[in-house]
Every structure is written in structure tokens, then in C-alpha cells.
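S.K.:
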Amino acid sequence: RQRWTAKAVEVTPSPALPAAGAYVPEPKPAQTDYLIGSYYYPGFGTNRQWREMALYAPQTKPVLGYYDEGNPECIDWQIKWATEHGVNFFLVDWYWEAGRNYNEHWLDGFVQARHKRYCKWALMWANHNRKGTHSREDWIAVTERWLEKYICTPEYLTLDGKPVVFIWSPRNIREDMGGSAPSAEMLALSDRLAREAGLPGIVFYAMNQGGQAQLAQEGYAGYTTYHCFGRAQESSRNRRFYAYKAVVDQSPASWEHTAAECAAAGLKFLPVVDTGWDARPRHGLDTFVIYDRSVAEFTRLLQDMKTWLDRRGQKVFVLGPWNEWTEGSYIEPCSEFGFEMLRAIRTVFCTETGASDDLCPQDMGLGPYDFALNLGQLRQDNWDFRGSSELFGWSALMYLKDLRLTSAGLTMSSVGRDPALRSGELRLKARDYTALEVTMAIKPAPGEKDYAAVFWGTRFMSINGEATVTRPLHTDEGMHRYRFELSQHPKWRGALRHLRFDPIQRGDSTITIESIKLVPAVKP
3 RQRWTAKAVE VTPSPALPAA GAYVPEPKPA QTDYLIGSYY YPGFGTNRQW REMALYAPQT
63 KPVLGYYDEG NPECIDWQIK WATEHGVNFF LVDWYWEAGR NYNEHWLDGF VQARHKRYCK
123 WALMWANHNR KGTHSREDWI AVTERWLEKY ICTPEYLTLD GKPVVFIWSP RNIREDMGGS
183 APSAEMLALS DRLAREAGLP GIVFYAMNQG GQAQLAQEGY AGYTTYHCFG RAQESSRNRR
243 FYAYKAVVDQ SPASWEHTAA ECAAAGLKFL PVVDTGWDAR PRHGLDTFVI YDRSVAEFTR
303 LLQDMKTWLD RRGQKVFVLG PWNEWTEGSY IEPCSEFGFE MLRAIRTVFC TETGASDDLC
363 PQDMGLGPYD FALNLGQLRQ DNWDFRGSSE LFGWSALMYL KDLRLTSAGL TMSSVGRDPA
423 LRSGELRLKA RDYTALEVTM AIKPAPGEKD YAAVFWGTRF MSINGEATVT RPLHTDEGMH
483 RYRFELSQHP KWRGALRHLR FDPIQRGDST ITIESIKLVP AVKP
């Protein structure tokens, strides 16, 4: 016998709607005395990560669908929802390594958004880059990029009277530049270049890595983090699987401790209200999990933050990620929570009472904005790119640019050491295949020591250096078929999730791939 428990059903009044097919309605920003930001991860300009969500977290689908975040109309919905619930700026993850910029589709779309004037934003340079990729010349190029494309715009966020840039890893800069003194010179250089461009300068906030006295010496004005879990992990029985309640319980003590360290060093501190973590869609079981995230616990954390801020006379804080969908950190409206996470922010920090109109694209007859996920490709094991019109889920993982489909195949240029392609999501069994064959040509001709490599990840193992097979490359520019024997490798087992292919180990090469094929095992 089954026991059913009835729950209350809430019926809300039908909102007054503009005419069907009209554009995203003008935002009606909520009134608040607080400056509230949220991190924005611009990693959803393709369908790759959405496939991971559709497969491994189908209970969570954004109200916008599995959307192209570079679409200005999607961005206008995000601006409307954020500002109508008190979130008035985004800290946007920004990626640059040794002259290469990527994941800019959200920012390029933001420029075209009709409602952009309602929302501020700032750069969070996610500089978790390879060792040796920060230099004075590169720093100047980075600063010029900031000044040319971003900081001069009226929507750019200022703190302490200057445009603000957040730096993910001050340590990476320090190590590459040779210490704190040259790091300080770089920050001062950016400030000077900004003033020469007619701006009041640039103020920098450090992130994630302590040593506040050293950070202050290097010229940072403030400090914050991307997540704030406090001592939730240490206080829980299981350090890899613990409740969101522990995060809520431990956060105020963490804010207090970090604020004291910052104050002693003369740094301002921006505390973080965390939005959770469950990266199983992206990393399988190779991650920790924060479970039981709920609107009630999120509301309690917001209330604790307001009490903490008010006691200190502070008005600025940051929410954890708005949209780290495959890492389980999100508050954007979705099928799991509806608008309730945003309504909690509005309730705690805004002067309005009651819900906002919370219109959706479906109310307006707009959308859908979904990518065609084509989940049938998950069982594809043979990819022929000659004359193809699609990449079948394959994408540049790192140090490849100008991917283009031609009659000869998939052509690309390597721009650094360890260039790599990654397949889309797979649902294949390793035992069904014995080898991988890649037919490709490389110009200029590879050297005698050049080689290609295949890596793989499974549902229980992320792609790593222990699961790889290599092959030397032919030393001419001709088209060759390379066979990578996989079946004898001890880690070639389980459910395949991704393949990674490194066509060569150096930059300045042009690679053309005719086809990639998993070779079926012979059935007994």
C-alpha cells in the first residue's frame, strides 16, 4: 500500500501581459539599499554542457530552456529577473591566457541587449592559467583589452570610485612575475594606463587565496571568494557529501574570520552567500556534493547576511554563481526552484513586499531558446568530418582556434602546447571497442619527437593523464591513419563519457582531421 500526502496548491493571479510576441518587458528594478552581485559563468554558448544537464540533472531545466546565452533576448530576460529581485550586478567570469580570449559570447550578447542599462557588471579574470603565461607584455595586452572593450562602457561597475576588476588567482600572477613587487608593478601599470585613457584608474579585488597582508602589499583594495562553504566540510561526518544546512550554519563565522583578516591588512571584504555545489553532471563521482539545498535554508543564509552587514554598516555582498548549472550552483529561475531563490533575495533585501510579476518567455509567446541537443549523438562512435555541416559535439578544449568544416575535413590551428579536442557527451561501453583510429594531416610536417595522444573519461573517472595512449606522428604533411590501441590499457573499462584527442604537442600547426572512429571489438 502507498501513503499519499496532500500538499497545498498555490494559484496566483494571472499577470497583465503585453501582446503576444512582444519583446522582453522593460524591467522594474526592485528598490534596495544594498549592492548585490552574483557570479556569472559564461559557459553555455554551446550545447555541450546542456547535454550534461539533460542527462544527469533532468530535474533542473532553466525557465529559458537549454539556451544560447549569447542571445541578447536571453540576456534581457536574465537582466529583468535579476534586477526585479535585487540583484543589481554580475561578476562575469572572463578567460584570457597568453593572448587568447574565449567564452565571450555572453559579453558580446550583453552589448546588444536592450535592457543592459538596468544592470551593472564587472570582470572576474578567471586566470587559472598554465604556469608561465603571465608576463609584462601580456599584462599590457590584457589591460588594453579591458580598456578598449569593457571598462569604458556605462554599464561597467565601479567600487571605491574606480572601475573594478576581480582576479581569481593572485598567486598565479605572483609566481609568473617573480614575486610581490613585480605583481604590484602590474596592478599599478593597469591603473596608470586607465588614467591615461581618461578614467579614474582601476581598483583590483583579489580572490580565493589568503595572505591578506601580502595582497594589500601588491596593491589589491579588497578581497572575496567564488564560493563560501565555511567549515561545513570539516564539521560534517562525510567530507565529500554534506548538507547545505552545514554551509548555512558555518558561513557567518567564516565571514567574521575573513573580515578580521582583511581589516588587519587594510583590505575591504566582500562576503559571499553561497548557492551550493553538486558537480556530478560535469565530473561524475569525481567531486564532492552539497545536498538538500532548499529555499528555506537559502533564505536563512540571506537573513544571516543581512544581519551581519547591518551590524557592520556594510551594503555590498556577492551571491554565489547565478548559473553554474553543471556544478550545482544556480539561482536563475528553473524547474527545480521556480523563482523562489530570487524571491528570497527580494524578500530579505528589497523594500517591496510580495512577489514581482515573474513573467516567463512562455507567458509572452517568446522563445523557445533551446539548443537542439540531439541526444542520439551520445551513442555515435564514428565521426566523418569531410563535407559535414556539424561537429557532432566535438569542440576545442584548449590551444586550438579557427575550427572550421571543409570538404577535406575538420581543420584547425594549434596555438600553444598541448592543443586538444574534446568529444561531446558519450554513452558507450569501453568493452565494446578495441582501438581509436584518427585520419589526419598536419602542416608543417611534424618532427621526429612529435606525437598524438588519446585520453578518455568515464562516469566514475574524469579525463586524466593515467588514462591515455600515444602514437608518434609521421614526419611528412600527408594524410595518415593513426591507430591507438586501447583494449589492453588497464583503465580502458566502464562507461565512456568523453574522449580527448591531442593531435600534436606544439603550436603553430594546421591540422585537418578527416575522421575519428572507435573500432568495434570482434564479438566471440
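Counted the way this note's numbering counts, the sequence shown spans residues 3 to 526. For each residue, glycine too, the CB sits at the ideal point set by N, CA and C.
(1) By Cβ distance below 6 Å, which residues in the same chain neighbour R485 in space, the five residues on each side in sequence not counted?
(2) Report the option in F387, G224, A447, G467 whose CA atom is closest to the CA atom of I506.
(3) So for K308, helix, strand or coil by DSSP?
(4) Quick check on the burial criterion: 16 or more other C-beta atoms within 10 angstroms. Buried or exposed for D162?
(5) Quick one: give me the first and last residue of the alpha helix (DSSP H) that Y246 is part of.
(6) Check whether the stretch 509 to 516 touches the stretch 408 to 417, taking contact to mean three or more Cβ pairs, one atom from each stretch, closer than 8 Å.
(7) If the criterion is Cβ atoms closer than 8 Å, does the pair T470 and A455 meet it?
(8) Taking the DSSP output, what are the residues bridged to F168?
(9) Taking the straight line between their C-alpha atoms, what separation do you get for R147 and A523?
(10) Just checking, does the stretch 42 to 60 make contact with the stretch 279 to 288 on the three C-beta pairs under 8 Å criterion?
(11) By the three-class DSSP mapping on this structure, what secondary structure does W79 have?
(12) Residue range of the beta strand (DSSP E) that E187 falls in?
(13) Can you give me the Cβ contacts of F387 inside the same chain, cut-off strictly under 7 Å, excluding the 5 residues immediately before and after it?
(14) Starting from the Cα of W123, find the closest Cα among L402, A432, R233, W324 and give me that residue.
(15) Note down, in chain order, each residue of its chain lying with its Cβ closer than 6 Å to the Cβ of A186, except the 5 sequence neighbours on either side.
(16) Would DSSP call A422 helix, strand or coil?
(17) Spatial neighbours of E479 within its chain, please: CB distance less than 8 Å, with the 5 preceding and 5 following residues excluded, ordered by chain position.
(18) Could you tell me which whole beta strand (DSSP E) segments of length 3 or greater appear in the stretch 338 to 402?
(19) Does the beta-carbon distance from T460 to A422 come in below 8 Å?
(20) Locate the beta strand (DSSP E) running through S409, then write down its first and last residues.
(21) Roughly how many whole angstroms lie between the Cα atoms of R3 and S337?
(22) Using a threshold of 8 Å, state whether the C-beta atoms of H130 and R348 are closer than that.
(23) To which residues of the same chain is G509 closer than 6 Å at the C-beta, ignoring the five residues directly before and after it?
(24) Strictly under 8 Å for the Cβ-Cβ distance: is L159 near chain B by that measure?
(25) Consult DSSP for R461 and reduce its assignment to one of helix, strand or coil.
(26) Relative to the C-alpha of P44, which residue among L428, Y371, R433, D95 is closest?
(27) CB T289 to CB E54, shorter than 8 Å?
(28) Candidates M343, L269, A84, Y104: which alpha carbon is nearest F206's?
(29) For A218, which option in G200, A190, F503 has the closest C-alpha, if you only look at C-alpha atoms?
(30) Counting Cβ pairs, one atom from each stretch, are 3 or more of them under 8 Å apart for the stretch 239 to 255 and the stretch 303 to 316?
(31) Taking the beta strand (DSSP E) that F486 falls in, what are its first and last residues?
(32) Does the beta-carbon of V275 have 16 or more other beta-carbons within 10 angstroms, so that it is buried, or is it exposed?
(33) Is it right to say N174 is buried, meaning 16 or more other beta carbons lie within 10 angstroms of its own, or is it exposed?
(34) Please report the distance separating the alpha-carbon of E71 from that of F46.
(35) E198: buried (16+ other C-beta within 10 angstroms of its C-beta) or exposed?
(36) Give me, in chain order, the residues of the same chain whose beta-carbon lies closer than 6 Å to that of E99; leave out the 5 immediate sequence neighbours on both sides.
M.R.: In short, the structure shows the following:
(1) Closer than 6 Å at the Cβ level, and outside the excluded window around R485, lie A437, E439.
(2) The shortest CA-to-CA distance from I506 to any of F387, G224, A447, G467 is the one to A447.
(3) Helix at K308.
(4) It is exposed - the Cβ of D162 has fewer than 16 other Cβ atoms within 10 Å.
(5) Note, Y246: alpha helix (DSSP H), 246 to 267.
(6) Using a Cβ-Cβ distance cut-off of 8 Å, the stretch 509 to 516 and the stretch 408 to 417 are in contact, since at least three pairs of beta carbons, one from each stretch, lie closer than that value.
(7) Contact: yes.
(8) For F168, which the question treats as bridged, DSSP gives the partners M126, Y207.
(9) Between R147 and A523, the C-alpha separation is close to 51 Å.
(10) Of all C-beta pairs linking the stretch 42 to 60 to the stretch 279 to 288, three or more are shorter than 8 Å, placing the two stretches in contact.
(11) Reduced to three states, the DSSP call for W79 is helix.
(12) First-last for E187: 182 to 198, but that is the alpha helix (DSSP H), not the beta strand (DSSP E).
(13) Only L407, G411, L412, I515, E516, S517 meet the Cβ criterion.
(14) Ranked by Cα distance from W123, the options L402, A432, R233, W324 are led by W324.
(15) Around A186: E220, G221.
(16) Three-state result, A422: strand.
(17) So the list reads A443, I444, K445, P446, A447, once near-sequence residues are dropped.
(18) With a minimum length of 3 residues, the continuous beta strand (DSSP E) runs that stay inside the stretch 338 to 402 are 384 to 386, 397 to 400.
(19) No, these two residues do not count as a Cβ contact at 8 Å.
(20) Careful: S409 lies outside any beta strand (DSSP E) and carries neither H nor E.
(21) Confidence is the limiting factor: at R3 the pLDDT is only 49, short of 50, which leaves the residue's position unreliable and the question unanswerable from this model.
(22) No, Cβ-Cβ distance for H130 and R348 is not below 8 Å.
(23) Contacts found: S416, V417, G418.
(24) Judged by its chain identifiers, the structure shown contains no chain B, having just a single protein chain.
(25) It is coil, neither helix nor strand.
(26) Nearest C-alpha to P44: D95.
(27) Using a Cβ distance threshold of 8 Å, T289 and E54 do not count as a contacting pair.
(28) The residue with the shortest Cα to Cα distance from F206 is L269.
(29) The shortest C-alpha separation from A218 is found at A190.
(30) Judged by Cβ distances under 8 Å, the stretch 239 to 255 makes contact with the stretch 303 to 316, as three or more pairs qualify.
(31) It spans 482 to 487 - the beta strand (DSSP E) in which F486 sits, taken as one unbroken run.
(32) Under this definition V275 is a buried residue.
(33) The residue is buried, with at least 16 neighbouring Cβ atoms inside 10 Å.
(34) Cα to Cα, the separation comes out at about 6 Å.
(35) E198 should be labelled exposed.
(36) Answer for E99: N131, T135, listed in chain order.
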